[in-house]
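K.L.:
In my numbering, each number is its position in the sequence shown, counted from 1, plus 1. Encoded as structure tokens, here's the structure I'll be asking about.
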Amino acid sequence: MLWYLPHLPKKKIKMFVKLGDNYRKIGKEAKARYCYQQALTLAGSLSAVYYIKKIEARFKKQPA
């Protein structure tokens with residue numbers, strides 16, 4: 002559903018990353034990875050290197 006909300010792509014990226022962070026905090030790693038993957042897809046379509054690096058860093062980060 003978040004994918005279809007009428008926001009600018011960069012705002013959607015931030016929302017997906019935030020949602021992924023929230024899922025990671027409560028221990029739902031699979032859902033967090035899905036959110037990060039969606040954000041990465043959006044960032045790739047925009048060629049937004051800053052966001053791509055930020056998201057890839059979260060993929061490497063281990064859950065606390």
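Ideal Cβ positions, reconstructed from N, Cα and C, are used throughout, including at glycine.
Could you compute how far the alpha carbon of Ile14 sits from the alpha carbon of His8?
P.N.:
Distance between the alpha carbons of Ile14 and His8: 10 Å.
K.L.:
What is the DSSP secondary structure of Gly28, counted as helix, strand or coil?
P.N.:
Of the three classes helix, strand and coil, the one that applies to Gly28 here is coil, per DSSP.
K.L.:
Under three-state DSSP, which class holds Ala49?
P.N.:
Three-state result, Ala49: coil.
K.L.:
Assess contact between the stretch 35-43 and the stretch 15-23, defined as three or more Cβ pairs (one per stretch) separated by less than 8 Å. Is contact present?
P.N.:
Flag = yes, the stretch 35-43 and the stretch 15-23 touch.
K.L.:
If you count every other CB in all the chains shown that lies within 10 Å of the CB of Ala31, and 16 or more means buried, which is it?
P.N.:
Exposed is the call here.
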